[in-house]
Every structure is written in structure tokens, then in C-alpha cells.
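Each number in the numbering used here corresponds to the 1-based position in the sequence shown with 321 added. We treat Cβ as the ideally placed atom computed from N, Cα and C, and that holds for glycine. Just so it is clear, the structure is predicted and the values come from calculations on it, not from any experiment. Below you'll find the structure, written out as C-alpha cells, and then a few comments.
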Amino acid sequence: MCGIVGYVGPRQALSILLQNLNLLTYRGYDSAGVVVSHNGTLYIEKTAGKVSALEALIGETEVEGHVGIGHTRWATHGPPTTLNAHPHTDCQGRIAVVHNGIIENYYVLRQELLSQGHKFTSETDTEVLAHLIEAYYQGDLGAAVRRAMQRVRGAMAMVVLHSGEPDKIVAAKLDTPPLIVGLGQRENFVASDIPALLKYTNKVYILEDGEVAEITRDGVRVSSFLERPSRRVYQKQVTVIEWTPDMAEQGSYAHYMLKEIHEQPTTIQDTLRGRLDEPARRVYLENFLSPQQVQNAHRITFVACGTAYHAALVAKYLFEQVLRIPTEVDVGSEYRYRYPIVENEDIVVAISQSGETADTIASAREAQSQGATIVAITNVVGSTISRMADAPLYIRAGPEIAVASTKAFVGQLIGIYLLLLYFGQFRRPQGSPALQQILAELPHLAAKAQRILDDTAPIERLAQEISRSKACFFIGRHLDEPIAREGSLKLKEISYIHSQGYAAGELKHGTLALMERETPVVALATQENLYEKMLSNIQEVLARSAPVIPLIQEHSSNLEVLPEPRIVIPRTNDYLAPVLSVIPLQLLAYYCAVALDRDVDQPRNLAKSVTVE
Ligand code: G6P
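Structure below.
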């Protein structure tokens, strides 16, 4: 979390920094700040609040300067005040630093620097960096950064400039937080994520753990502070990004989230493109697991966080039911510390939109160190998880900007079906009815998703009602259960209405006590084999006066016992229903948040890419 940007080149830096920060606000929006270097002086402006507050503060001020760095913060150390906003400076105000991540030994370093006479003005861990670099500075910013980075522990990315070296910015990365250098024509950029670079270049260096990049308008020198001698400069490989600038734009949609919900039919098609050969009953995944790896796997473990975790729960039901492979699922923050039992032939699948979530990365590392083969289902080519994985599977959803994940979730589900079919072709070479049905139905899903999106008016009306509730529940069984959880997560994260997603059969063990007239219950009943059980659960809720909104496939039976209004999705194969049933729930959350006038794309206290524990 936190977004950092930097620019060196012939243009005025300030407007580029602000523009690029705006594209990174999804990473955190507690405070924002910039520094522009010009003729030996630093212009610094920062404030609590979003980049828009910073822009308002700067107003029409003319700021001359072609070199600068900027920051948008998700607070960790110290509250989100102007004083704690980045950039942070050294005692003489010549060095300015922006930083993403956590310096774990900051307290010890701070005490050491205080005892040397350094004066601190904020409560952040970041300020330690400014003073540490000051302590080591002897006329060469790159050298001082390398020495300072050898002292800090934790996981972080940082960018720094010095007023005495006015044509340079220096970027460094320790462990996982992402840092990308954008390579332009006689100008260069740095940013925490690709969308902030797309307008200027598609050629980038993706910095690795331990690297320092000294960036001037004419070039980028990369060295490693972990190696000795740490000043050895080496050639980095250029990565070419295939996303286009318009993919990261909001277009005519009121919010990024709405745009991304509407992009889901395209996500489904793009994720499947070139990978499915229905007549030949084959799935093609490039540079993927070997037949032996698939055949030898005794167990699959999925690790993920947030929305991606719900995709992983869907995977567990599918792999166990269809392929009878023992499958575990865990959230990254638990898996990494629970001393997991990993065997050599285990396959661990890390699911992550960004490919940068700290807990998911740490879990995959833990499993890899114990001998597991790592598959990554991710959206971002070149992300940390994609690079560490033995077999990456890209979901091709394009940049996802809204904090609440939508199209990436659908892309992850499609990735899971592809993985299931891929395993199926080596574990069940003779085929199975379930696999054949999935293979046959996948190509029709995009059109069915589009049908849901063609008429959102009923969901908008429903949202008006639900937005007045004090709490809302989502229930379902089997494959509907993770989607109930996802629908609930969407609602709470952007509307702030309390909500819970629950296994429908578990309600009677406690949660039923909460049911009353003001607590609507969205009841997913898309699974034929459990349909009647769901009807009973719905009756149990209705008997407690709570309004029930059933979510069913079209042409479902026993409609006379189901209350109205209902959410009806196009009929599909039950295994694939999650892809369709989540879409109205995303829309429901979206329109509730709009009705309550919430900040849909940047909900309070959250961030899109969680690069801290
Ligand atoms: C944050 C986001 C969620 C996302 C989760 C995992 O909490 O707000 O939308 O699902 O991180 O992110 P990942 O990039 O690993 O999928």
C-alpha cells in the first residue's frame, strides 16, 4: 500500500507527479505529498487527505522544476496527519524521501540517529530513511542509499532525491513492495504500479529485492545493495507491458468499479482466449505444469486474501468434487504462520490480482521453501508472485483500479476452471461428465454475463431498499457459499452496511438470532442438488420475519414458495453458476454504496494492494 511516483526529464515535474499519483490513489489515500527539485531548492507540499486535497492546496501555484517525487499514503506508523504525510526530509531539508512498506527496525535506528543529534518531526518509520541517508551522504546519493538500505529491515520501496544532485532520483526496493522504473525518451519515471506509467511508456524495469536504481533523464543505473561490492552496475532486462493507457481510464462510467463490473464479459473471453479447444477437449496453458507434476500431486492448497480467497473457496469445492483431489484453502495471513505441512509433490496455488499481497507472497514462499510447486493465478505480468511461481496463469483482466475487486474475481474463477480442466486432462484422461459440461459451457458464459449487465434496473431498485437496512446477510450452500461471502464482502467494503456471508445450513446455530424485519437476507439457490435444502433454509428465515431475496437460475422450480423480488441469472451449468451469480451481487453493493453517497472506488480505511502484513 502507499503509492510512490517519481519523474526526471524535460517536462515540468509537478503536473506529471500529480497525474500519476491520481492513478495510484487506490493504493492508499490518507495523505498526499510531492517534492520538486529546482536549482538547489526543494519545493515541498503535503497534506492529510487525498491527492485532490493536495491539488487544491497547490492551486495555481507555478512550480518550476523537472525532477520530483510524490506519495499517496495508507497510514501504518502514525495517524494520517499532514505532519506524517510524505515526503519526509533530513535535518537540513536537502534530502526528501517517499516510502511504501514498513521499516521493522525503525525504532532502534531512530534512537541511534537521535543520539547522533538528528531531529525528527514526524511519527513515521519513513523519516528514519531521510536521516540515515543524511548520515551516510558524502556527495553520492546512490552510495548513501545503498548503505542506508543495508541497515534497514522489513519490506519496502522508496524513492529519494537530494537538492545538491538536482538531476537525479534514486529508487530502492527491499523484499516485496513493487517498484517499477518507466523508460522514456530522454525522460524516466518510477512508480509503485504500472497504470501510472502507461501514458508515457510501455517499457519498464521491474526492480527486484535488493536493487537500487539511480535515475537521470539519460539513463538508469541499477545495482544491488545486497551484493558486495554493492556499487557494481548491471544490465537489467526491459519488460514490455501489453496494457494500453485507455485500459486504466474511467471513460464515461460514474466509477471505476462500475466500469470494471461491465468489463466482465470481456474478462471472461480474454481469460479463455486461445486456451480452450472444445472439440479436442483440451486446455492449453503455456509454460505450465508438466503432466508428471499434475499426476503426482497428492494435494492442492490454495492461498489468497480478501476477494481472491473467495475464489479459492470455489476452487476447493470444484477440485474435490470433480477430481477427488484433496484440496485445502487458507488465507495468507494464517497459512504463513501455521506451520503448514507441505510435501514435495504438493501444488500450492497462490491467487492474487495484484501479485503483490504480502501475506500471499509469504505463504507461497513458505510452501516453495518446503518443496511445493507454486502456481500463481494473477492479473499482473511481472508481479512478485508471477515471478516466483513455477507456473503462472494470467487472468488478463487488464488494470483493476477500484479498491473493491470485481473483474479480477471473475477472471480468477475462469482461471480456476482452466486449472481444473488442465488437471482433468492428466488425472482423468478418459474424461468425465462434469469436465465435459464445464468445457462445453465455458464459451457461452460471456454472453450470459452480458445479459445480466444489459438490465441492471431491478438491482438498482433493490439496492434502494437494502441501503436502508442496518445489516444484511448472504447465505448459500456448496458453490453458493463462497459467493454469499463475496457478495457480503462487496457490500460491507463499499457501503459500510454490516453484512455477513454464511453457509445456509449453519444459520440455525447462532446467526438466526439476528434475523428480524430490518435484516434482509440474500439467499443464493443456484445449485440443483441442494435446491430443496435451500428452500427450507429460506422458510426458516421468513418465519423470523426477515425479508428474503432469492438468487436463482432462470427456470428454477417451486417458484411459488419463493418471495419476490428475486434475482434471476441466466441458466448455466451448476458448476459455473458462481461466475454469473456474483455479478448481481457486485451491482447490488455498488448501487447501495451510490445510494448512500459513499466513496465507491476508495472506501474508507482500505487499500487495493496490501503490501504490509
Ligand atoms: C485488498 C483489496 C481486495 C483484494 C485483496 C487481495 O484487501 O482491497 O479487493 O481482494 O487485497 O488482493 P490481491 O491483489 O492479492 O488479489
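(message) Between Asn360, Leu547, Gln785, Asn850, which has its C-alpha nearest aspartate 496's C-alpha?
(response) Taking only the C-alpha atoms, the option nearest aspartate 496 is Leu547.
(request) Going by CA-CA distance only, name the one from Ala712, Met709, Phe730, Ala725 that's closest to alanine 718. (result) Ranked by Cα distance from alanine 718, the first of Ala712, Met709, Phe730, Ala725 is Phe730.
(request) Taking histidine 420 as part of the beta strand (DSSP E), name the residues at either end of that continuous run. (result) DSSP places histidine 420 in the uninterrupted beta strand (DSSP E) bounded by 416-424.
(request) Using 6 Å as the cut-off, classify the Cβ of alanine 761 as near or not near the heavy atoms of the ligand G6P, replying yes or no. (result) Within 6 Å of the C-beta of alanine 761 there is not a single heavy atom belonging to the ligand G6P.
(message) Suppose you measure from the CA of lysine 811 to the CA of threonine 393; what does that come to, to the nearest Å?
(response) The alpha-carbon atoms of lysine 811 and threonine 393 are separated by roughly 24 Å.
(message) Per DSSP, what are the beta-bridge partners of methionine 477 in this structure?
(response) Answer by DSSP bridge pairing, in chain order: Gly422, Leu495.
(request) Between the Cα of cysteine 913 and those of Leu901, Cys793, Ala864, spot the shortest distance and give me the residue it belongs to. (result) Comparing Cα-Cα distances from cysteine 913 to each of Leu901, Cys793, Ala864, the minimum goes to Cys793.
(request) Might you give, ordered along the chain, the residues of its own chain that have their beta carbon closer than 6 Å to the beta carbon of aspartate 651, omitting 5 neighbours on each side? (result) The beta carbon of aspartate 651 sits closer than 6 Å to those of Val624, all from its chain and outside the five residues before and after it, given in chain order.
(message) Comparing C-alpha positions only, which one of Tyr428, Ala636, Ile379, Asn665 sits nearest to histidine 799?
(response) Taking each of Tyr428, Ala636, Ile379, Asn665 in turn and checking the Cα distance to histidine 799, the smallest one comes out for Ala636.
(request) Could you check which residue in Glu376, Arg468, Lys371, Thr587 has the C-alpha nearest to that of arginine 772? (result) Put simply, of Glu376, Arg468, Lys371, Thr587 the residue whose alpha carbon is nearest the alpha carbon of arginine 772 is Thr587.
(request) Tell me whether valine 429 sits in a helix, a strand or coil according to DSSP, three-state version. (result) Looking at valine 429 - three-state DSSP - the assignment turns out to be helix.
(message) Assuming isoleucine 646 and leucine 766 are in contact, meaning their beta carbons sit under 8 Å apart, how far apart are those beta carbons, in whole angstroms?
(response) Between leucine 766 and isoleucine 646 the Cβ distance is about 24 Å, and since that is not below 8 Å, they are no contact.
(request) Would you list, in sequence order, the uninterrupted beta strand (DSSP E) runs of no fewer than 3 residues that lie entirely inside the segment 521-598? (result) With a minimum length of 3 residues, the continuous beta strand (DSSP E) runs that stay inside the segment 521-598 are 524-527, 532-537, 540-545.
(message) I need the DSSP call for arginine 603, collapsed to helix, strand or coil.
(response) Looking at arginine 603 - three-state DSSP - the assignment turns out to be strand.
(message) Buried or exposed for glutamate 366, going by 16 or more other Cβ atoms inside 10 Å?
(response) Counting Cβ neighbours within 10 Å, glutamate 366 comes out buried, since at least 16 surround it.
(request) Could you pull out every residue in the same chain whose Cβ sits closer than 7 Å to the Cβ of leucine 378, ignoring the five residues on either side in sequence? (result) Around leucine 378: Glu366, Thr368.
(request) Confirm, please, whether the CB-CB distance from arginine 887 to proline 871 is below 7 Å. (result) Judged by beta-carbon spacing, arginine 887 lies within the 7 Å limit of proline 871, meaning their Cβ atoms are closer than that value.
(message) Taking the alpha carbon of isoleucine 454 as the reference point, which residue from Lys524, Arg431, Val559, Ser443 has its own alpha carbon closest?
(response) Of Lys524, Arg431, Val559, Ser443, the residue nearest in Cα terms is Arg431.
(request) Please report how far the alpha carbon of threonine 840 lies from the alpha carbon of serine 820, in whole angstroms. (result) Cα to Cα, the separation comes out at about 9 Å.
(message) Check this for me: beta carbons of histidine 359 and glutamate 385, under 7 Å apart or not?
(response) A contact, by the Cβ cut-off of 7 Å.
(request) State the DSSP-derived secondary structure class of histidine 765, mapped to helix, strand or coil. (result) The answer is helix: DSSP assigns histidine 765 an H, G or I state.
(message) What residue range does the beta strand (DSSP E) around lysine 367 cover?
(response) 362-369 is the span of the beta strand (DSSP E), which, as asked, contains lysine 367.
(message) Classify valine 429: buried if its beta carbon has 16 or more other beta carbons within 10 angstroms, exposed otherwise.
(response) With fewer than 16 Cβ atoms within 10 Å of its Cβ, valine 429 is classed as exposed.
(message) Give me, in chain order, the residues of the same chain whose beta-carbon lies closer than 8 Å to that of leucine 714; leave out the 5 immediate sequence neighbours on both sides.
(response) Leu606, Phe609, Val696, Ala697, Ile698, Thr699, Gly736, Leu739, Leu740, listed in sequence order.
(message) Given a cut-off of 7 Å on the beta-carbon distance, is the pair threonine 537 and lysine 489 in contact?
(response) Closer than 7 Å, so yes.
(request) Under the assumption that alanine 910 contacts isoleucine 815 (Cβ atoms under 8 Å), give the Cβ distance between them as a whole number of angstroms. (result) The distance from the Cβ of alanine 910 to that of isoleucine 815 is about 6 Å, consistent with a contact at the 8 Å cut-off.
(message) At a threshold of 6 Å, does serine 820 count as lining the ligand G6P (C-beta to nearest heavy atom)?
(response) For serine 820, the Cβ stays outside the 6 Å cut-off from all heavy atoms of the ligand G6P.
(message) Judging by CA-CA distance, which residue of Val862, Leu901, Ala867 is the nearest neighbour of isoleucine 873?
(response) Distance check between isoleucine 873 and each of Val862, Leu901, Ala867 places Leu901 closest, using alpha-carbon atoms only.
(request) Using 6 Å as the cut-off, classify the Cβ of lysine 813 as near or not near the heavy atoms of the ligand G6P, replying yes or no. (result) No.
(message) Please report the straight-line C-alpha distance between glycine 505 and proline 516, rounded to a whole angstrom.
(response) Looking at the two C-alpha atoms, the distance is approximately 15 Å.
(request) Have a look at the DSSP bridge pairing and note the partners of aspartate 651. (result) According to DSSP, residue pairing for aspartate 651 in a beta bridge involves Val624.
(message) Assess contact between the segment 413-423 and the segment 450-464, defined as three or more Cβ pairs (one per stretch) separated by less than 8 Å. Is contact present?
(response) Contact holds: three or more Cβ-Cβ distances are below 8 Å.
(request) Ignore the nearest five residues each way along the sequence and tell me which others in glutamine 471's own chain have a CB closer than 6 Å to its CB. (result) If we look at glutamine 471 and ignore the five residues flanking it on each side, its Cβ neighbours are Phe546.
(request) Rounded to whole angstroms, what's the CA-CA distance from valine 491 to alanine 712? Just pull it up for me. (result) Their Cα atoms are separated by approximately 33 Å.
(message) According to DSSP, is valine 702 part of a helix, a strand, or is it coil?
(response) Residue state for valine 702 is assigned as coil, using DSSP reduced to three classes.
(message) Helix, strand or coil, according to DSSP, for arginine 806 in the structure here?
(response) Under the three-state reduction of DSSP, arginine 806 is assigned to helix.
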